[in-house]
Structures are given as C-alpha cells and as structure tokens.
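Residue numbers (the working numbering): 124 to 696.
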Amino acid sequence: MADRYAEVAYTNGYESTAGSGYQLPEYPFHAPPEIASGEASHHPVVIVGGGITGLTAACALAQYGIPAVLLDEDNTVGVKGASSRGICYTQKSLEIFERLGVYERIAAKGIQWSVGRTFAGNDEVYSFDLKQQGSFNLSTQPPFINIQQFYIEAYLVDRIYELGHVELRWKNRVTAFRQDNECATLTVSTPAGEYHLRADHVIDATGCHSPFRQWVGASVTAKKGDDRWCIADVRFSKHPPVERHTWIEAPFNENRAVWQHLMGDDVWRIDYQMAPDSDPAEVSREDVVRERLARQFGADAGIEIVWVGPYAYRSECVDRMRHGRVFLMGDSAKVVSPFGARGGNTGIADADNLAWKLAAVLQGRATPALLDSYDEERHEAAQQNVLVTNRTARFLRPAAGVEKLFRDAALSLARQHPFARQFVNTGRMAVANPYTRSGACDATGGQSVQNVAFHWPDGSRGTVNDLLRWAQGRLLVLVFGSTSATALERLQDLAATAPVRCVQVLGPDDLAGALEHVRDPQGHLQGACHVFGHAWALLRPDSYVAATGESVDASLVHAVGRALGAAIEEEPA
Ligand SMILES: Cc1cc2nc3c(=O)[nH]c(=O)nc-3n(C[C@H](O)[C@H](O)[C@H](O)COP(=O)(O)OP(=O)(O)OC[C@H]3O[C@@H](n4cnc5c(N)ncnc54)[C@H](O)[C@@H]3O)c2cc1C
124 MADRYAEVAY
134 TNGYESTAGS
144 GYQLPEYPFH
154 APPEIASGEA
164 SHHPVVIVGG
174 GITGLTAACA
184 LAQYGIPAVL
194 LDEDNTVGVK
204 GASSRGICYT
214 QKSLEIFERL
224 GVYERIAAKG
234 IQWSVGRTFA
244 GNDEVYSFDL
254 KQQGSFNLST
264 QPPFINIQQF
274 YIEAYLVDRI
284 YELGHVELRW
294 KNRVTAFRQD
304 NECATLTVST
314 PAGEYHLRAD
324 HVIDATGCHS
334 PFRQWVGASV
344 TAKKGDDRWC
354 IADVRFSKHP
364 PVERHTWIEA
374 PFNENRAVWQ
384 HLMGDDVWRI
394 DYQMAPDSDP
404 AEVSREDVVR
414 ERLARQFGAD
424 AGIEIVWVGP
434 YAYRSECVDR
444 MRHGRVFLMG
454 DSAKVVSPFG
464 ARGGNTGIAD
474 ADNLAWKLAA
484 VLQGRATPAL
494 LDSYDEERHE
504 AAQQNVLVTN
514 RTARFLRPAA
524 GVEKLFRDAA
534 LSLARQHPFA
544 RQFVNTGRMA
554 VANPYTRSGA
564 CDATGGQSVQ
574 NVAFHWPDGS
584 RGTVNDLLRW
594 AQGRLLVLVF
604 GSTSATALER
614 LQDLAATAPV
624 RCVQVLGPDD
634 LAGALEHVRD
644 PQGHLQGACH
654 VFGHAWALLR
664 PDSYVAATGE
674 SVDASLVHAV
684 GRALGAAIEE
694 EPA
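Here's what the structure looks like:
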C-alpha cells in the first residue's frame, strides 16, 4: 500500500497521486496508416484529448454521423493516475448522456442523490432537497448522479466503438500544430513513429495543460491560491446516509472543511481541506489518512482505503474559445475549483454545443458562421462558472480580514436564522447555463429545455430527447395548441424549404392538424420550453430554445435562419 502514495506532487491544476487503487481499461494501439504511407490524411474534424470532454464530443459527432479522428496520448480513461476526479454529474449532463445512449449504464452504476446538508461544527446551517425544487423535478433524469468520472469515460468509449464514424487512436500524442487558410496540420507522435494529419476543424480537449493555448496564442486569465485538499476514496463496513454532507468547519478536521459523498461500487469520496500550502506527501501518507478517517468515523468503522489523492486547484479562463479552426473546450478552455461540480459538467455541455453545430455545417444545414456562436455561448458559460466557483473558493478559504469576518458572521447568523443560510456557500451546484449574448438565439431564447415526458398520438410515453433523435440534427419547431389552417400551411412550407421538423403539441382538448403531433396533457413540455398559451418554440439539437414567439409568421422564419448561422440553405438531396 505504501508505494501507492509514493509519487506525490502538486504540479498542476489537479495535482494528484500517481498511483491508483482503481483498475482501468486499456485500449489497443494500432500503427496509424499514415506512418506506412508517409502521406498526411485529411479529416473534417480531429479531436485531441480523450477525457470526458473529448469523448463526449466524439460520441455526439458519431451519433450525427460525422466522421472524425480522436487522438489521445494515453491508452486508458482517467488521467495519468489521477483516476478519481469528477464524481457528480448534473441533470443536464445526464440528459445529454441519455441522448448519446450511455445514460442507462451511468444510472445503473451510479448513485442518485438530491439531499444536501451543510454543517458548521455540530450545527446544520444549510440544507436542500433538489427533488422539491421545481426547476429539477420534471426531467426524466434525476437532479444528480454520483459516479466516478472514469466510468463515464469508459461507457463513452464503448458507445463510440458501437456507433462507428469516429476513429479512436490511443497513444497518439499531438506534438505540434499550425493552421492556415487551407487547413490545420497536426504532428502526431506514436510508439510506431511520427506522422501528420490535416483537418478542417480541430477540437482541443487536452485539459488544463493544453498545448493549443500556446500554439493558437490564446491568452489566459489565471488565479492560483494556497488552498489544499486531500481525497480519500473509501469503503465502510457500516456507512453514513446517502446524502451530500459538507462541513465548513469540521471539528474532526481541525475546523477545516470536509465533503462526504457516495459514488459507484459503494465507494465514498471523503474530501478533506488541509492547512494552506500543506505538503502533499505528508497529508496523503497512509497512516495520516487513516488517522484522519478514524477521527471522523471512529476507529471501528471498518474502513478500506481505495484511493488517495491530494490536490490544489486554480481558476483559469481563456480569452476566446475559438481560434480559427481550433475550438477549445472543457478544461483546456477554463479550469475551475471542484466546488459545485462545474468542471466536467461544463466540458460535457461545451461538447454538446459544438457537436450539433459542426454536424449542421458539415452536412449542409447551416452556414459556417454558426460556429462563431460556440464561443459566444460557451465563453459566457465559462466566465459564469469561473465567477461562481471563485466565490465558493473564497468562502471556503477566506482571506484574513473582511472575507473571514463575512464568513464568520454568515455562519453565526445561519445557525439561528433561515434567511442567512443562503450566504453559506459550500458550492453552488452546476446548472445548464443560459445564453444571453449569442448570435444564434434571440432575446426570447437561450434557455435549456429539460428532458420532460409527453404522449405520442398512440398514448405511449415520449421524451424531448426522443423528439430530438427523431429530428436527426435538424431544428424542431414546437407549436403549442390548436393552430389555424394558414399557420399550418406556413409550417408545412417552412419544413419543405428549411432543415426543420415541425410538431404540434396539443393539450387535452386541442384538435390535431395536418402536422405530426404529440399530446402534452399536463403542460410539462410547454413549461420546459418556457412558453405559455398559443406559442411556438424553436428547439435546437442540444435541447436549448433558440427563440420563442406567438404567431407563426416571418419572425419564426427569421429565428430559424438566425439559429442556423443567419442563412437558410437547402438540405442536400
Ligand atoms: C478533486 C476533483 C473533483 C472534481 N469533481 C468534479 C465533479 O464532481 N464533477 C465535475 O463535473 N467535474 C469535477 N471535477 C473536474 C473534472 O474532473 C474536469 O473538469 C474534467 O476532467 C475535465 O475534462 P477534460 O476532458 O476537459 O480534460 P481531461 O480530463 O484533463 O482530459 C484531457 C485528455 O487529453 C489528453 N491529452 C492531453 N494532451 C494531449 C496531447 N498533446 N495529445 C493527445 N492527447 C492529449 C489526456 O491524455 C486526457 O485524456 C473535479 C476535479 C477534481 C480535481
């Protein structure tokens, strides 16, 4: 056990032990054909990085039928021994994974939770039950699932192999890059030698050490603090309740913070805040870890240590997420502290956002201008997530002076007064970020649509994701309520000339017209689309509303054009 903790260093954004108590799959290396031929091949899309972000992008592109190549320098999931990182996946991510066909496996392996409690000393100072919050309870996916990140990555790999279209190249490390008007050229190093690839579009999903930042000249705003943490992933013979418990001041951790979550395989993630700038080797030594666990759970808790990893974090955001042919996504675009689970979840959303746009452009449904909205939308999200996580980090490791005074006052008030509980900040859980400055959405759009249920005409249950799959990468026009003959005619004309599919969404008493229709007896679909009464909503393949309106008129045609990069092109025959 001792040498598992031997190679320890805080060397980067997510510093962790090099050892691993988890068994990870290993994927085969095949010598790329370019090495034998000496010719560089050309691809519409090359994805660099097979972490959760790159694999989500690859899986989404595969589902849209877009050929691509994914290059990863490693031959497994998890990152260089830091195999236990993300654990908490939000409803929006789970909805994306449902669309991609990996949700069932995640739900079977992971743990659903909705109750969170926060303690200061022995007092509960904040609690929530996400199932009671209207914003979470309509989706067919739960508010959160806890599961080790590497499981999701492995499920995505299996699904990509199943779908085809995307070639996964393991042990392929990109070592150089350049781009010009014609294409991007990547130099790739492998155990069988070096070769070149050309690409029209490159997705940089290489994580927080992205070499592309330098290659494309991206500037980065960065902040690094002295806060230090140490993870212990453990099994118990008698275990605590399946709730997220956080302590801001834990009496059993020298009054510093502690997190406690259950993940898959009956493994608990216990996350301990350490003294500022503490020595990673010292805090992760087995005897020190065991003593810490015994202080919290008692000497007789029957603890088996599965994995230990000390980490520090930093906060970073690139100035732009698109540089010519390169799209930065996930940790290569921004790095946030883990509080609120905003790292991986936003990488997943980045991937889902770009994939349908690339598919729409490459399959001739949208103009290349649509790709600019990736930066407009996801950079806004990245900045928001950096802001929110920085606030939490300052609450958990306040600077001496005003920040510390504020935290002490908030905790002391929260002990007695419910109104003050909102100031207690142990992490604002990740949300589907709204888009307010996107060229592809108008002022009525930009919100995420939950994967709610409705009835197909035969009475069977359907979901928003079923509709999106049926639309096959096209936009969906949902028209709520009975519609005039003129409006129906306009919708049919629209569907005949633009890459959209139109569906009437009927209440219990509404009459079906000539269009495809579904029934929404409880109004869940309408509520999820953020419209009321007689209205239409233009839904994108990433389950975001591009625009809404009342009358089926020129405003809808304009919104469709805008959502596809401002020009409507004919579908290829
Ligand atoms: C303690 C901790 C807890 C966390 N908890 C959560 C959580 O609960 N929920 C959540 O959503 N997020 C969480 N996060 C954040 C989450 O782990 C990261 O945001 C996520 O891993 C980022 O994924 P990525 O795919 O963008 O990058 P990475 O996971 O870093 O993947 C990058 C990939 O690129 C490959 N690569 C790098 N360079 C090259 C190259 N030159 N050529 C080819 N391949 C290359 C690497 O091999 C790797 O596979 C947590 C992080 C930490 C440290």
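Backbone N, C-alpha and C define an ideal beta-carbon position, used for all residues, glycine too.
Check                                                                                                               : Outcome
Residue 401 to residue 586 span [Cα, whole Å]                                                                       : 49 Å
Which of helix, strand or coil DSSP assigns to residue 316                                                          : strand
For residue 394, the residue or residues it bridges with in DSSP                                                    : 354, 382
Pair within 9 Å by beta-carbon distance, residue 181 and residue 291                                                : yes
Reference residue 687; option with closest CA among 621, 293, 189, 641                                              : 621
Residue 542: first and last residue of the uninterrupted beta strand (DSSP E) it sits in                            : That residue, residue 542, is in no beta strand (DSSP E); it is neither H nor E in DSSP.
Check: residue 352 C-beta below 8 Å from any heavy atom of ligand 1                                                 : yes
Delimiting residues of the beta strand (DSSP E) encompassing residue 430                                            : 427 to 441
Residue 468: CB within 8 Å of a non-hydrogen atom of ligand 3                                                       : Ligand 3 is absent from the structure shown, which contains only ligand 1.
Residue burial classification, residue 295 (beta-carbon count within 10 angstroms, cutoff 16)                       : buried
Buried or exposed by the 16-neighbour rule on C-beta atoms within 10 Å, applied to residue 674                      : exposed
Simplified DSSP state of residue 269, which is helix, strand or coil                                                : strand
Contacting residues, own chain, Cβ-Cβ under 8 Å from residue 398 (five flanking each side not counted)              : 351, 377, 379
Residue 603 burial status per 10 Å Cβ neighbour count (16 or more: buried)                                          : buried
Distance cut-off 8 Å: residue 171 Cβ against heavy atoms of ligand 1                                                : yes
Simplified DSSP assignment, three categories, for residue 569                                                       : coil
Selection from 300, 651, 666, 515 that minimises the alpha carbon distance to residue 463                           : 515
Nearest-angstrom beta carbon gap, residue 459 and residue 509 [assumed within contact, 8 Å]                         : 6 Å
Coarse secondary structure for residue 210, derived from DSSP in three states                                       : coil
Range of the contiguous beta strand (DSSP E) that encloses residue 235                                              : 234 to 236
In chain order, each alpha helix (DSSP H) run of at least 4 residues that lies wholly inside the segment 478 to 538 : 495 to 519
Residue 609 - DSSP class collapsed to helix/strand/coil                                                             : helix
C-beta atoms of residue 346 and residue 438 nearer than 9 Å                                                         : yes
Coil, strand or helix - residue 86 by DSSP                                                                          : The requested residue 86 is not part of the displayed model; the chain covers only 124 to 696.
Proximity of residue 386 and residue 264 at Cβ, strictly below 9 Å                                                  : no
Assigned secondary structure, residue 347 (DSSP; H/G/I helix, E/B strand, else coil)                                : strand
Outcome for residue 421 when other beta-carbon atoms lying within 10 angstroms are tallied against a minimum of 16  : exposed
Residue 471 versus residue 558: straight-line alpha-carbon distance, rounded                                        : 16 Å
Neighbour-count burial assignment, residue 175, 16 or more Cβ in a 10 Å radius                                      : buried
contact_flag[the segment 612 to 627, the segment 590 to 602] where n(CB pairs < 8 Å) is 3 or more                   : yes
Rounded straight-line distance, which links the Cα of residue 178 to that of residue 432                            : 24 Å
Candidates 223, 157, 171, of which the one nearest residue 187 by Cα                                                : 223
For residue 370, the first and last residue of its enclosing beta strand (DSSP E)                                   : 367 to 373
Simplified DSSP assignment, three categories, for residue 275                                                       : helix
Terminal residues of the beta strand (DSSP E) in which residue 338 lies                                             : From DSSP, residue 338 is part of no beta strand (DSSP E) but of the alpha helix (DSSP H) over 335 to 339.
Best match in 316, 314, 322, 313 for proximity to residue 306 [C-alpha to C-alpha]                                  : 322
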